[in-house]
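Protein chains in written order, with the numbering used here: chain U, -15 to 267; chain X, 2 to 333; chain B, 14 to 465.
For each residue, glycine too, the CB sits at the ideal point set by N, CA and C.
A quick note: this is a predicted structure, and the numbers were derived from the prediction, not measured.
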C-alpha cells in the first residue's frame, strides 16, 4: 500500500518520536487529573507533584455516592439522553442537509442563511424565552426540551457540516442513480447516506460529546428531581465557592465520566475510516 | 344534514368535515403528480426533506430569537415584565468601557486562536491519515484533550499548569528562565493561556478533516504518483482543494465558536473574567450583565450586536470562499 | 404580621424560653394544631426544595428531608442542588417563568430582590413569634427567641419573606501554629486597623520566605469594606438605598490595603488572582499556607480546619476610629424562602419550621449553614455529638462577640451587583492596572449606576 501525505521524507524514527512526544504533552493534564484524583483532598492544591505522596481511592468510593444519589443513575441518565440526541441529530440533520446540498428550491439561500444565523446567538440570550416556551409546552422537568429539538434539526451546526460534506461527493453518482430510476429518497438512502458515513460518524461523536458535557440547559430543564440529573449536572454540585467542596471527588467522578465518551469515540472513529476510498463505490 | 341535530361533538365534526372533504376533492385536481414540472417536484421534495428542520425553526428556534431581539430594546431584570426603552441599551454599549475591553479581548482571541487551531488540526489530520501502526490509538491520544472539554476539572489542571510555582514555571526554569510572568494570574498573559487551551483542544476540527481526507479518492494520488508529482505539490493540488469545503466549514464554525467562547474563560477565571478583566470575553461579559446584574435587556443587546458582527465576518468568509473552495458537485 | 416591634419583644423573651426548650420542637404537632384551626392541610403534596452548597451540605439537607418525609408520609420532597453561581443562574431563569422551587435557599440581596418583584410568598401568615399567635390559622413557623437582626435580614417592607437558617459574623481567621513558630500572640482584644498594620509588620520579620502576614482582602473574603464604612458612617446605605459614602472614603480604604501591599504585608495581586480564580476554600491563601491571617466569615473556621495541618483560630475584626461605633454584625448567612407560586405553601412552611426547630433536624444540619438563630436551638446543636472542635469554637465566638455587634444591616435589592464592582476595583489596584484614585472613581460611578 502506498502512503500519502506530509513528512514522507522524514526518517520514520524521528517522526514517531515527535508523535510520541506530542502525545505526552497532550496527555499530561489527563495524567495530572488521574494523579490528583488519588490524593487526599488537602494535597490536591498544596503540592504540584503529579504523584500522590499518600495514595487513596476514597475519592472514587465516596464520590460515587457523594451527592446522596448513586453515580450509576447519573451515568445511565446521560447515556439515555445522549443516545436519543445522537439518533435525533443523525436523522433530522441529514435530511435537511440533503435538501440544502442537492436540491433546488425557492428560498434556498435565505433559509440556509437563517439556519446559520440561528447558531450565532449565544445561549444566554435565548435561554430565558426558550425556558418560558418549554414551560408553556409543559416540558419542564422532563427530557423533552433536550431531546425534541434534536429531532427537529435545531443543531444547525451539523446540518452545515453534512451540507459541506455532501458537496464533496461527486454529482455524477446522483445522475447515474437517477438513470437507474432511483427516486430522491432512495438516492438519499442508497447513495448519499453510505457515502457520508464519515460525516455521520463525526455528527454522532460530537452530538454525544457535547450532550455529555452540556451543563446549563440540562441543569435548567432537568431540575425537579436529582434522580434525573445527568453527569454534568451532578459534577456541578461537588464544588462550591461558599461551603465545603470535594475537589478530589470531582476529579475522580470527572475521570469516571470520561470513560463512556472515550469508549464511544473509539467505537465510532472506526466509521471514520469508511470513506469513499474504502467502500469500493468508486471502483 | 342529519348531523346538525346532534350535540357539540357533532358540531366539531361538522366544522372539520367541509375542509377535509374539500381537500379530498381538490387533492387529485390540485396535485396532479404528472403535471408538476421537474422543478416543482424537486422543490416539493426539498421541503419534505426540510420538514423537521422547518418545524424546529418555526416552533423552537425562531420564537426565542425574536423574543431576545425584542428584549434588547427593553429594560428587563427577569423578575418583572420587560419595559420598552427603545435604543437605550445599544446607546449604553457605546459608553461602556468594559464592553470596549471585552470586544478587544475577544477579537484578539478569535484572531490568534482560530488560525492556530485550524492549522494544528489540518497538519495533524494529514499526518495521522497515513497508514501506521496503532493509528487509532494515536488519534485517540490526540483527541483526548478535546474529550475533556472545558470542565471545572480542566480549569484546575490549567491553573496548576500555569499558576504560581506551576508545571510551566518549573519547565521554563530548566531553560534558565527564573523570573517568568505569572501566566494565568497576570493580566498581560492570562488570555494567552486560553489560546493555548484552544490550541490544545484542536480535536474537533481534526476529526472533521480526517473524515474529509477519507473521502478523497486514492486514484487521484496514484495518478499524481505516476506523473511524479512532489508530495507538497500533491498536498496543494489535491488535498487542499478537495478538503476546501471542510476547511470553509471549520473556519466558519471556529470563528462563530471563538466569538461566542464562554466556558473556557468562565471556568478558568472562576466566572470573573479576571485577572483585571483580561479574560472578560464578550459572552462572559454578556452573561455577567444578564445573570449577575440581572440586566437581560443589556445582555440581549450585546447578543444582537454579536450576531451582526458574526454575520458580517461569516458573510465575508463566504464571499471569498468562491475563490478558494472547490465543490465536487459544481464540477458536474 | 411580624413587625420590628415584635422582633424586639421576642428578642427580650428569648432567654427565658431557651431554658425550657425541648429537644424535639413543635413541628410534629403542627399538623394537628392547624387542622384544629381550620387551615387546609393537604394529605398528599409534592414540593421542591432547592439549595446551593457542597457535598457536606447536600448530605445533611437530604438527611433532614428524609426525616421530614418519615413524619409526614403523604408529603414528598424533591431536592434540587448545585453550586452557588450555577444555582442562581438556574433560579433566575426559573424566576423569569414564575417557576421557582417551593422552598428555596437565598442569601444576601436576593431576598429583597426577589421579594420586591413578587417572587416570594410573605410568611407572615405562616409564622409566629408570640405564643398567643400560635393557634392562628396557618401559623406554622415558630420564630420564638430568634435573633432580631437575623429576622430583620429576611424582612422586606415590614413583611417576613425569608427565615434564617443560621447566623455568622465577620471574623479574622489566623494560623495559630504559624504564629507560635514566629513566637507571636494574635492581636489583643480591641485592636485598631493601625495596630493591625503595625502587628503585621512585626510578624513579617519572623515569617519564612514566601509566607505573607495577611491575605489581600481588599476585595474578597469577608465584608471588610462594609465593616470599615460602618465604623465611620453607621450604615453602608442611606434610607433611599444609595451609598452613604463617597470617593474619598473608598480611596482611603483602598489606600490602607495598598500601603500593606507596598510593604509586602499582604499576598501580591497575582496570588490573590489565583485565589479568586479557584473560588473555593482549597484555593484560599491561608489554607494554602501562603498567609497567616485572612478576613472572612466565622463559619469558615470549621471549613478551613480540615483542609490544614496547622491549627487555626479566630478573632474579631479590628475596631474603627470611633471605637464605640462597631461595624461588624451578626447576619443570617442564608435563608429559606417560599415561592409566591408554590401550590403547597403550607407544606413548604412546615418544612422550614422543621429545619429550624425540630431537634433532630437542627442537630443534623449542625452549624454548617451558621449558628441557629435562637438560643434554645443553639443549645440543641451544642448537645450534638457530631459537632467538631471548630464547630464549637464558632458557637463560642458568636456567643462572645455576637452581643457586642449589631444586627444585620439591610441592603437594597440592587446591591448584589456591588460585590463584583468593588472586587474588580480592588484587583485592578492590586495588579497595578489602575491607580487607587482612578479605580475608586470608576467603581463609585458604576456602583451608583447599579443602585439607581
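- The beta carbon of residue 292 (chain X) sits closer than 8 Å to some beta carbon of chain B.
- According to the DSSP secondary-structure assignment, residue 256 (chain B) is paired through a beta bridge with B:250.
- Residue X:127 holds the alpha-carbon nearest to the alpha-carbon of residue 212 (chain X) among X:155, X:127, X:156, X:284.
- In this structure, the alpha-carbon of residue -5 (chain U) lies about 39 Å from that of residue 142 (chain U).
- Every beta strand (DSSP E) of 3 residues or more that sits fully in the stretch 336 to 395 of chain B is shown, in chain order, as 348 to 351.
- Spanning the alpha carbons of residue 173 (chain U) and residue 158 (chain U) requires a straight line of approximately 12 Å.
- For the pair residue 361 (chain B) and residue 84 (chain B), the CB atoms are not nearer than the 8 Å cut-off.
- For the pair residue 115 (chain X) and residue 202 (chain X), the CB atoms are not nearer than the 8 Å cut-off.
- Contact note: residue 71 (chain B) reaches chain U through 51, 52, 221, using a C-beta cutoff of 7 Å and chain order.
- The C-beta of residue 153 (chain B) has 16 or more other C-beta atoms within 10 Å across all chains shown, which makes the residue buried.
- Residue nearest to residue 149 (chain B) within the set B:207, B:139, B:158, B:157 is B:139 (criterion: CA-CA distance).
- Pairing residue 117 (chain B) with residue 104 (chain B) gives a Cβ-Cβ distance under 8 Å.
- In the three-state scheme derived from DSSP, where H, G and I count as helix and E and B as strand, residue 275 (chain B) is classed as helix.
- In this structure the stretch 5 to 21 of chain U touches the stretch 141 to 153 of chain X; the number of beta carbon pairs closer than 8 Å is three or more.
- Residue 323 (chain B) is outside the set of residues whose beta carbon lies under 8 Å from a beta carbon in chain U.
- Membership of residue 68 (chain B) in the alpha helix (DSSP H) is indicated by the continuous run 68 to 84.
- A distance below 8 Å separates the beta carbons of residue 169 (chain X) and residue 184 (chain X).
- Segment contact: the stretch 278 to 296 of chain B against the stretch 189 to 204 of chain U, fewer than three CB-CB distances shorter than 8 Å; contact not assigned.
- Proximity of residue 255 (chain B) to chain X, defined by a Cβ-Cβ separation below 8 Å, is not satisfied.
- Residue burial annotation: residue 59 (chain X) is exposed, with fewer than 16 other C-beta atoms found within 10 angstroms of its C-beta.
- Residue-level contact check: residue 451 (chain B) does not touch chain X, since none of the beta carbons of chain X fall below 8 Å from its beta carbon.
- Beta bridge pairing from DSSP links residue 159 (chain B) with B:387.
- When beta bridges are read from the DSSP output, residue 168 (chain B) appears opposite B:173.
- Contact between residue 22 (chain U) and residue 41 (chain U) holds, since their C-beta atoms are separated by about 7 Å, short of 8 Å.
- Rounded to the nearest angstrom, the gap between the Cα atoms of residue 84 (chain U) and residue 47 (chain X) is 8 Å.
- Fewer than three Cβ pairs drawn from the stretch 291 to 311 of chain X and the stretch 125 to 133 of chain U lie within less than 8 Å of each other, which leaves the two stretches out of contact.
- Around the Cβ of residue 261 (chain B), a 10 Å sphere holds fewer than 16 other Cβ atoms; the residue is exposed.
- In the structure shown, residue 141 (chain B) adopts extended strand secondary structure according to DSSP, grouped into three states.
- Only 236, 243, 246, 247, 249, 250, 254 from the stretch 236 to 255 of chain X bring a Cβ to less than 7 Å from some Cβ of chain U.
- The beta-carbon of residue 292 (chain B) is placed less than 8 Å from the nearest beta-carbon of chain X.
- For residue 105 (chain B), the three-state secondary structure derived from DSSP is helix.
- Taking a contact to require three or more Cβ pairs closer than 8 Å, the stretch 279 to 288 of chain X and the stretch 410 to 428 of chain B do not qualify as touching.
- With respect to residue 118 (chain X), residue 200 (chain X) sits close: the two C-beta atoms are nearer than 8 Å.
- Using a CB distance cut-off of 8 Å, residue 162 (chain U) does not count as an interface residue toward chain B.
- In terms of Cβ geometry, residue 169 (chain B) and residue 348 (chain B) do not form a close pair [threshold 8 Å].
- With a cutoff of 8 Å on beta-carbon distance, residue 436 (chain B) and residue 233 (chain B) are scored as near each other.
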